[in-house]
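Numbering (the numbering used here), first residue to last: 12 to 962.
Every residue gets a Cβ at the ideal spot worked out from N, C-alpha and C, and that includes glycine.
Predicted, not measured: the structure shown is a model, and the values here were computed from it.
Below, the structure written as structure tokens:
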């Protein structure tokens with residue numbers, strides 16, 4: 012191949028290569044000659060063509076960003092047209108911050124680059140390209156665009172909060188400034204100063220490196236020679252260093268405030284400014300601006316006098332002084348603080364304790380002291396029987412399995428998780444397990460997973476299932492009070508008026524409604540009931556929107572589908588968590604939204620929103636947060652997708668600041684009464700608070716330093732593993748109240764011990780929402796912790812025997828969560844026992860309820876029976892009070908004394924009872940070998956009766 016004359020015949024067809032320049036473009040030299048002769052002038056047509064080409068190139072380059080921008084607008088508007096104000100305010104603020112950052116950096120970068128061009132590249136290189144101006148403009152432009160974009164992304168929210176800040180009405184202990192300054196204003200100042208410092212430092216380094224590289228390439232390899240001969244370059248470098256120092260003058264105030272976010276203490280694990288920080292570093296940061304200012308002035312003066320060594324000396328003095336202060340602080344820590352650290356640091360530890368308690372809402376906990384010397388009486392049991400029997404007796408995991416087997420009804424439905432919601436069941440307030448029956452297309456048969464089915468026909472879930480957490484059926488299953496399709500409500504539960512769930516917890520795809528295809532609503536017998544969505548949500552389709560959505564989702568079938576017309580709508584953002592984030596991304600959200608059927612029969616999702624900060628001075632940080640409040644509840648309609656944000660903590664300064672920034676975000680009216688009574692406190696926040704409280708329950712800084720009274724969230728045995736107790740809901744009457752309420756509970760033990768020291772509760776009732784109560788156990792009392800009770804259960808011979816028999820019969824025995832139940836200055840422990848088969852179709856069944864009280868442990872088929880047995884065993888109380896029977900009395904009111912009985916065992920009777928046990932056991936083994944689960948359950952009951960008869 013003749014490379015010189017082009018690739019084959021290409022020159023013949025178009026003149027692209029070779030020496031033939033009669034056609035095509037020809038050589039660069041020929042083109043230059045043509046341009047000089049006037050043939051290269053840009054005509055009007057060519058200009059238009061060039062503009063069109065450039066526009067098309069830019070469109071291709073930025074098409075993705077433009078599409079995302081348009082889709083963001085549509086998506087926010089689809090959630091609620093009132094929320095577009097938030098989008099535009101954020102957009103223009105981000106744009107303004109980015110433009111400001113771009114302008115500042117562009118000016119600084121351009122000046123530096125053109126000084127470099129004059130002093131380095133033109134004088135010391137022969138590269139003609141570097142003599143042109145446009146490369147420097149281009150580099151400055153790219154550098155500034157990148158920096159401006161980063162700055163706008165990070166600083167626009169800080170600017171908005173700084174301009175609309177709210178006082179905390181609490182001051183820091185070091186400077187006496189309101190906490191609002193540190194949470195809202197300081198972060199913006201810090202971002203600006205840090206950004207400028209970074210730019211000037213980076214420019215100083217790059218300028219110095221470029222000068223050295225250029226000079227070395229031009230033959231100047233000695234640093235001293237560079238300093239002596241290249242005074243202009245040295246002045247340029249020093250000017251950038253001085254700009255960096257000037258920004259440091261402003262940063263020292265921020266650095267002094269930053270001491271309150273450092274760490275001190277023997278282990279360096281306490282947040283705040285300790286003895287060294289307050290007495291040495293604070294003084295340094297207060298005087299450092301004057302040191303820097305003096306260094307800058309003298310350096311400029313000697314630079315102007317061309318005394319470069321003196322100028323460099325003053326610049327170098329700044330880091331030398333810093334190193335001297337660092338040495339003093341190390342020596343002071345070693346020889347002054349360390350020998351008597353407890354006394355030196357306790358005042359600063361106290362600041363940390365108070366700040367952390369305030370920041371995590373632990374400063375206003377009501378304490379109740381237990382008096383364990385009191386004994387339960389028959390009268391107390393009689394009067395509070397209903398409260399005892401209102402205890403939770405079923406677990407989440409087992410109940411979810413039961414829901415998915417007993418109530419899913421069609422394989423394309425699923426229950427994702429279970430929430431606890433307070434309802435009046437037959438007139439009594441009770442915790443109710445509730446779960447949404449959501450659509451799960453993954454469970455469809457492969458042959459049914461067509462595009463039409465997935466996007467047009469299977470569009471929504473249907474209804475909920477619900478069961479009281481204190482009741483089980485005779486088969487040990489949840490006692491449903493809402494069930495089936497269409498849903499049926501009993502026992503006083505609200506009748507569901509709109510059961511369709513288009514927006515859910517695991518509903519992540521988009522669907523198209525109002526199309527030529529009807530939606531599958533539900534199946535009734537062999538008939539499919541169809542439906543057409545008539546809600547307000549969704550984006551009305553048109554040819555243009557169909558095109559853009561097809562591109563955005565990469566779904567070409569949508570564009571070519573004949574089922575979509577102008578009356579169709581696409582439902583997007585159907586995951587409720589993502590839906591609320593689309594509107595208000597500046598909140599953190601509870602990971603587990605709660606499903607609720609309100610009193611009007613509508614299905615709602617409740618998403619708890621948290622305001623938070625990492626800028627609360629002296630507060631200990633947990634999971635990157637050192638201030639948090641549950642200030643917002645977002646309520647999402649499961650049918651329409653309508654989102655409303657409600658403020659539930661009007662005293663929170665952060666939520667009030669967001670209210671100033673986005674006045675259209677929050678609903679003006681309070682939470683509707685139809686749902687207000689069914690709200691609960693979030694488990695995620697309480698889990699964090701209970702973790703913080705392990706150490707921050709103390710008020711004495713000396714004890715805090717000694718760590719002599721550190722608590723630990725208790726452990727329990729769950730499915731044969733020792734695990735940390737997670738917060739759990741239960742019904743409880745708080746000390747001083749007359750009615751039970753739903754509370755979230757966590758038990759504590761002391762350090763590495765297992766004795767219980769306290770029980771922390773978080774209230775959910777509307778009147779006391781979010782209030783905390785600590786039931787503190789006096790140090791003079793020894794109270795069993797959950798793990799100690801688990802060991803007592805393990806060691807009980809009767810319980811062990813029955814569990815062993817169940818296990819030998821081919822069943823798996825699962826011990827559920829152990830609940831700690833405070834009751835009238837006593838504590839009960841309740842644990843359900845499940846049995847299940849060892850196959851995929853297993854259905855866990857509550858077989859027994861274990862109750863522990865003091866040193867007694869009892870197991871029975873029901874909570875009522877187990878309570879009766881344990882009370883009789885422990886205190887000799889009359890268990891009949893749990894079944895609402897009364898003790899017989901004489902006409903004069905005196906108790907009847909029952910006649911004495913002969914309790915001597917009858918040997919023949921004992922032998923008969925033993926034979927019954929053996930027969931029942933043989934029957935149980937036979938049915939288990941046949942995998943006859945119904946017969947196994949009956950035989951197991953007979954075996955249990957026989958064992959009880961032997962007792």
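Q) Is residue 459 helix, strand or coil when you go by DSSP? A) In the chain shown, counting from the first residue as 1, residue 459 sits at position 448. Residue 459 falls in the helix class under three-state DSSP.
Q) Does the distance from the C-beta atom of residue 860 to that of residue 841 stay below 8 Å? A) Walking along the chain shown from the start, residue 860 turns up at place 849. Walking along the chain shown from the start, residue 841 turns up at place 830. In this structure, residue 841 lies closer than 8 Å to residue 860 by Cβ.
Q) Buried or exposed: residue 368, going by 16 or more other Cβ atoms within 10 Å of its Cβ? A) Here the question's residue 368 lines up with position 357 in the chain shown. It counts as buried.
Q) Quick one: Cα of residue 63 to Cα of residue 57, how far? A) For this step, residue 63 is matched to residue 52 along the chain shown. For this step, residue 57 is matched to residue 46 along the chain shown. About 10 Å.
Q: Note down the Cα distance separating residue 575 from residue 119, rounded to an integer number of angstroms.
A: Sequence index remark: in the chain shown, residue 575 carries index 564 (1-based). Sequence index remark: in the chain shown, residue 119 carries index 108 (1-based). Cα-Cα distance, rounded: 55 Å.
Q | Pairwise C-alpha distance: residue 747 and residue 919 | A | Taking the first residue of the chain shown as position 1, residue 919 is located at position 908. Taking the first residue of the chain shown as position 1, residue 747 is located at position 736. Confidence is the limiting factor: at residue 919 the pLDDT is only 48, short of 50, which leaves the residue's position unreliable and the question unanswerable from this model.
Q.
Nearest by alpha-carbon distance to residue 381: which of 785, 812, 822 is it?
A. The count along the chain shown starts at 1 and reaches residue 381 at position 370. Out of 785, 812, 822, 785 has the C-alpha closest to the C-alpha of residue 381.
Q: Give the DSSP-derived three-state secondary structure of residue 629 in the structure shown.
A: As a first step, residue 629 must be located in the chain shown, where it is residue number 618. In this structure, residue 629 counts as coil in the three-state DSSP scheme.
Q: Can you have a look at residue 956 and say buried or exposed, based on whether 16 or more other CB atoms are within 10 angstroms of its CB?
A: Locating residue 956 in the chain shown gives position 945, counting from the first residue. Its Cβ having fewer than 16 others within 10 Å, residue 956 is exposed.
**Q.** CB contact below 8 Å: residue 705 versus chain B
**A.** Looking for chain B here will not work: only one protein chain is present.
Q.
Relative to the C-alpha of residue 265, which candidate in 830, 249, 203 has its C-alpha closest?
A. The residue given as residue 265 occupies position 254 in the chain shown. Closest option to residue 265, Cα to Cα, is 203.
Q) Since residue 638 is in the beta strand (DSSP E), which residue starts that stretch and which ends it? A) Here residue 638 refers to the residue found at position 627 when the chain shown is read from its first residue. Residues 638-648.
Q: With a threshold of 16 other CB atoms inside 10 Å of the CB of residue 495, please say whether the residue is buried or exposed.
A: The residue you call residue 495 lines up with position 484 of the chain shown. Exposed.
Q: Tell me, to the nearest whole angstrom, how far the beta carbon of residue 631 is from that of residue 363; I am working on the premise that it is less than 8 Å.
A: For the purposes of this step, residue 631 is taken as residue 620 along the chain shown, with counting starting at 1. For the purposes of this step, residue 363 is taken as residue 352 along the chain shown, with counting starting at 1. About 6 Å separates the two Cβ atoms, so the contact holds.
Q: With a threshold of 16 other CB atoms inside 10 Å of the CB of residue 371, please say whether the residue is buried or exposed.
A: Numbered from 1 along the chain shown, position 360 holds the residue referred to as residue 371. By the 10 Å Cβ count, residue 371 comes out buried.
Q. Quick one: what's residue 837 bridged to in DSSP?
A. Along the chain shown, read from residue 1 onward, the residue named residue 837 stands at position 826. In DSSP, residue 837 forms a bridge with 834.
Q) Under the three-state reduction of DSSP, which class applies to residue 6: helix, strand or coil? A) In the structure as shown, the chain starts at 12 and stops at 962, and residue 6 therefore has no counterpart that could be examined.
Q.
Let's test the definition: count the other Cβ atoms within 10 Å of the Cβ of residue 750 and tell me whether it reaches 16, buried, or not, exposed.
A. Translated into positions along the chain shown, residue 750 becomes position 739. Result: exposed.
Q. Residue 882: which of 154, 388, 378, 633 sits nearest, CA to CA?
A. Position 871 of the chain shown holds residue 882. Nearest of 154, 388, 378, 633 to residue 882, Cα basis: 388.
Q. Helix, strand or coil for residue 243 per DSSP?
A. Counted from its first residue, the chain shown places residue 243 at position 232. In the structure shown, residue 243 sits in a helix (DSSP, three-state: H, G or I).
Q. Would residue 613 be called buried (16 or more neighbouring beta carbons within 10 Å of its own) or exposed?
A. If you number the chain shown from 1, residue 613 lands on position 602. Label assigned to residue 613: buried.
**Q.** Start-to-end residues for the alpha helix (DSSP H) that takes in residue 480
**A.** Taking the first residue of the chain shown as position 1, residue 480 is located at position 469. Premise fails: residue 480 is in no alpha helix (DSSP H) and is neither H nor E.
Q) Any idea if residue 224 is buried or exposed, counting beta-carbon neighbours within 10 angstroms, 16 or more meaning buried? A) As a working mapping, residue 224 is identified with position 213 in the chain shown. It counts as exposed.
Q. How far does the beta strand (DSSP E) with residue 606 in it reach, from first residue to last?
A. The residue labelled residue 606 in the question sits at position 595 within the chain shown. 605-608 is the span of the beta strand (DSSP E), which, as asked, contains residue 606.
Q. Could you give the distance in angstroms between the alpha-carbon of residue 744 and the alpha-carbon of residue 397?
A. Here residue 744 refers to the residue found at position 733 when the chain shown is read from its first residue. Here residue 397 refers to the residue found at position 386 when the chain shown is read from its first residue. Those two C-alpha atoms are separated by around 11 Å.
Q: Give me the Cα-Cα distance between residue 764 and residue 863, rounded to the nearest whole angstrom.
A: Within the chain shown, residue 764 is the residue found at index 753, counting from 1. Within the chain shown, residue 863 is the residue found at index 852, counting from 1. Cα to Cα, residue 764 sits roughly 20 Å from residue 863.
**Q.** 7 Å Cβ shell around residue 835 - same chain, five flanking residues per side excluded
**A.** Counted from its first residue, the chain shown places residue 835 at position 824. Within the same chain, residue 835 has close Cβ partners 387, 391, 395.
Q: Could you tell me which of 312, 291, 377, 448 sits nearest to residue 342, measuring between CA atoms?
A: Looking up residue 342 in the chain shown gives position 331. That would be 291, whose Cα lies nearest to the Cα of residue 342.
Q. Pairing CB atoms from the stretch 681-689 with CB atoms from the stretch 329-344, are three or more of them under 8 Å?
A. no
Q) What is the DSSP secondary structure of residue 750, reduced to helix, strand or coil? A) As a first step, residue 750 must be located in the chain shown, where it is residue number 739. Residue 750: coil per DSSP, three-state reduction.
(Q) I'd like to know whether the C-beta atoms of residue 654 and residue 692 end up nearer to each other than 8 Å. (A) The residue labelled residue 654 in the question sits at position 643 within the chain shown. The residue labelled residue 692 in the question sits at position 681 within the chain shown. Cβ distance not < 8 Å, so residue 654 and residue 692 don't count as in contact.
Q: Under 7 Å Cβ to Cβ from residue 314, same chain only, skipping five residues before and after it: list those, please.
A: Stepping through the chain shown from its first residue, residue 314 is reached at position 303. The residues are 246, 249, 322.
Q) Going by beta carbon distance, what residues of the same chain come within less than 7 Å of residue 466, once the five residues before and after it are set aside? A) Here residue 466 refers to the residue found at position 455 when the chain shown is read from its first residue. Answer for residue 466: 522, 523, listed in chain order.
Q. Between residue 827 and residue 845, what straight-line distance do the alpha-carbon atoms span, to the nearest angstrom?
A. Taking the chain shown and counting its residues from 1, the one referred to as residue 827 is at position 816. Taking the chain shown and counting its residues from 1, the one referred to as residue 845 is at position 834. Cα to Cα, the separation comes out at about 7 Å.
Q: Could you work out which residue in 482, 509, 452 is closest to residue 475 when comparing CA atoms only?
A: Indexing the chain shown from 1 puts residue 475 at position 464. Answer by Cα proximity: 509.
Q. How would you label residue 143, buried or exposed, when you count the other beta carbons within 10 angstroms and need 16 or more for buried?
A. Within the chain shown, numbered from 1, the residue matching residue 143 stands at position 132. So residue 143 counts as exposed.
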